[in-house]
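Keeping their order, the protein sequence lines are chains A and B.
Position 133 of the first sequence, counted from 1, bears residue number 164 in our numbering, the numbering being contiguous throughout.
Position 130 of the second sequence, counted from 1, bears residue number 310 in our numbering, the numbering being contiguous throughout.
Beta carbons: idealized from backbone N, C-alpha and C, even for Gly.
Note that the structure is a prediction, hence the values are computed from the model and not measured.
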Amino acid sequence: MKVLVYPPNSLILTDLVERGGHEAVVLMREIGEHVRDAEIDAPPLNVTEEDLKRALRYVSVEEPAGLKGRIGLLVPLLEKAEAAVILSDAPPTYGCMGCAVADEFFKFLIRKKGIPTLEVKYEGGEKLEVAVEEIMAFLARLSQEGKATKSEKKG
Amino acid sequence: MTRVAQISCGTEYSGIQWLFNDIAENVGIDLVYPEMELSQVDAACKELGFTAESPSLNMMMARAVSMLEDPTIKGALLLTCFKCAEGTIVKDLVRRYLHERTDIPIISYSNVEKPKEIEIYARLEALATLITRKSLLMRETQEGITMGIDSGSSTTKAVVMKDDEIVGVGWQPTTDPRKSVDEVMETALKGAGLKMSDIEAIGVTGHGRELVGEHVKADLNLEEVSVIAKGAALLTKLHKGDATVIDIGGMNNKLILSRDGIANIFNLGGICGGSSGRFLEVASHRLDVDISELGQLALKSKEKHDLQSYCMVFGIQSLVVTLASGVKREDVAAAACRSVANQVYENQIQEMEVRPPIIFVGGVSLVEGVKKEFEKMLGVDIIVPPNSQYAGAVGIATLVSGV
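What follows is the structure in structure tokens.
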């Protein structure tokens, strides 16, 4: 399944999703495509007017430009996602949205989409191991549900 | 290239960073992000006394702290997004923090997705001048015979100076900038009793300086911020210490904090013509009074009325409605002056810590009603020096004598 990780640039969550046998939907891929696209010339992130306009499907025109740019880049991820893992209150080294309002709003958009979503709170120390176990169990459930859906379709 | 620190919070997501980079390169600035470790973020927040919800704003504070340790950085550009409340708090904190610890020029801007290129250009160009022409800007006297031209968006001004004295002036509304400058130069020379061949050097500043500079073969062409700050210091003879310069011209306005006659923090207007001389021109027309008499009329006001809008168009509409409701002309004139002063205060002055003395220059400084409104608002006396409308021309005439 395509599993959106949040924070959307979290390498740790990306790794866990891939170990769980799923495809991680991450911001790095989206930004990578933008940066490598020779047709776009708006360094450093190649955020274009189109990205900002795309965000307007979800945010008001009155929101700050940086928030629109962030949401605009994340919208394709949201539209691709079939499931999501959200790690809240993690230190910036675990991946970070940078902007607190964009952070809150994008989490809201994930919840609103109604896809299977696991929300885990970062508490550090030994509790992190528990969080990792929870995430792996969630990913295993997703695999089983995926298999079940496939066999239902075959049947 | 001059190294300028960009201290921002991920404003690259606004999609206009390429514009900053292009303009910076054009004016000889190398925009750099001050290096810092993630582990320094908490300490920086403690030092500034504020922790934001947004991690990038905390990082912005850490970059500001780190910048102070890099002697190669000669200026700072503070960026957050327009309408971001938390960003504005941090940007203001960082500006104050840096201002208390360093003398390098600092400018700030609020990112929008479709900025006016000229707004960014004017800021970065002024920043570059303040860094690279510092020794020239330290000049405090004019020598020999020089001419200064201020090709403004609304009016063109020229002064002829001889041994630190103004000996001739010329002023007229800008039409074709080249034609206007020819005419003001002729008037200024006539007033001085001199010929063009007597002029040893010509300096140009103002909106039309590129075109006019080429036309008159200027020896020096400088942007307005540094020149106006210098002109204000020269006209008031206040060359030492801090000062605040308010410049309101026909179409735009500037607020400049200067130290020893050199600008170091500034804020440029331009959101709406309602805070410019143009608004007062239209208001005078509606009140059937010459612009030169508007200020005096306003001083006769005994009853306070406020216009319902600061916008140029709706402000005039409000003025017409106020007149039609039977309010006296002098009260409406005072309301128009208050409207301009209020807008400059709300959009520019209140963001900065005003440092006395306050020097008011530019065409609008001649409208006494506006000066009065500023004095009421700020609770301090404001200096309008003689020839205040020629501050730009005097500044550049003096600076070109040092080239």
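The contact set of residue 76 of chain A on chain B, defined by CB atoms closer than 7 Å, consists of 192, 193 in chain order.
The Cβ-Cβ distance between residue 291 of chain B and residue 261 of chain B falls below 8 Å.
Cβ neighbours of residue 278 of chain B within its own chain (closer than 7 Å, five residues either side excluded): 244, 256, 286. Listed along chain B is no residue with a C-beta nearer than 8 Å to that of residue 121 of chain A; the closest approach is about 10 Å. The three-state secondary structure of residue 193 of chain B, taken from DSSP, is helix.
Residue contact with chain B for residue 80 of chain A: present (Cβ-Cβ distance below 8 Å to some residue of chain B). Residue pairing of residue 446 of chain B in beta bridges, as defined by DSSP: B:436. Nearest CB-CB separation between residue 271 of chain B and chain A: not below the 8 Å threshold. Comparing alpha carbon positions, the residue from A:108, A:72, A:69 closest to residue 85 of chain A is A:108.
The beta-carbon distance between residue 573 of chain B and residue 541 of chain B, rounded to whole angstroms, is 11 Å. This is too long to meet the 8 Å contact definition. For the pair of segments examined, the segment 493-502 of chain B was found to touch the segment 458-478 of chain B: the number of CB pairs separated by less than 8 Å reaches three.
According to the DSSP assignment, residue 137 of chain A belongs to the alpha helix (DSSP H) that extends over 131-144. Interface with chain B (8 Å Cβ-Cβ cutoff): residue 129 of chain A is included.
With fewer than three CB-CB distances shorter than 8 Å, the segment 312-321 of chain B does not count as touching the segment 356-371 of chain B. With respect to residue 186 of chain B, residue 75 of chain A sits apart: the two C-beta atoms are not nearer than 8 Å.
The C-beta separation of residue 467 of chain B from residue 509 of chain B comes to about 5 Å, placing the pair in contact by the 8 Å criterion.
Residues of chain B with a Cβ closer than 7 Å to the Cβ of residue 154 of chain A do not exist; the shortest Cβ-Cβ separation is about 18 Å. Membership of residue 328 of chain B in any alpha helix (DSSP H) is not indicated; the residue belongs instead to the beta strand (DSSP E) covering 325-331. As a beta-bridge residue in DSSP terms, residue 353 of chain B pairs with B:335. Following the DSSP letters along the chain, one finds residue 89 of chain A in no beta strand (DSSP E), marked with neither H nor E. Judged by beta-carbon spacing, residue 53 of chain A lies beyond the 8 Å limit of residue 149 of chain A, meaning their Cβ atoms are not closer than that value.
In this structure the segment 130-139 of chain A lies against the segment 82-101 of chain A, because at least three pairs of beta carbons, one per stretch, are closer than 8 Å.
Annotated as proximal: residue 538 of chain B and residue 562 of chain B, with beta-carbon spacing under 8 Å. Less than 8 Å divides the Cβ of residue 379 of chain B from the Cβ of residue 325 of chain B. Counting only runs of at least 4 residues, the segment 196-265 of chain B fully encloses the following alpha helix (DSSP H) elements, listed from N- to C-terminal order: 197-206, 221-228, 235-247. Contact between residue 415 of chain B and residue 426 of chain B does not hold, since their C-beta atoms are separated by about 13 Å, which reaches or exceeds 8 Å. In its chain, beyond the 5 residues on either side, 189, 237, 260, 261 have a beta carbon closer than 7 Å to the beta carbon of residue 267 of chain B. Straight-line spacing of the CA atoms in residue 220 of chain B and residue 252 of chain B works out to 21 Å.
Under the Cβ distance rule, residue 63 of chain A does not count among the residues neighbouring chain B, no pair being separated by less than 8 Å. For residue 46 of chain A, the uninterrupted alpha helix (DSSP H) run begins and ends at 42-50, by DSSP. When DSSP reads this structure, residue 421 of chain B sits in no beta bridge, so it has no partner.
The Cβ atoms of residue 203 of chain B and residue 301 of chain B lie closer than 8 Å to each other. Under a 10 Å Cβ-count criterion, residue 377 of chain B is classified as exposed, with fewer than 16 other Cβ atoms of the shown protein chains found around its own Cβ.
For residue 99 of chain A, the nearest CB of chain B lies under 8 Å from its own CB, placing it at the interface with that chain.
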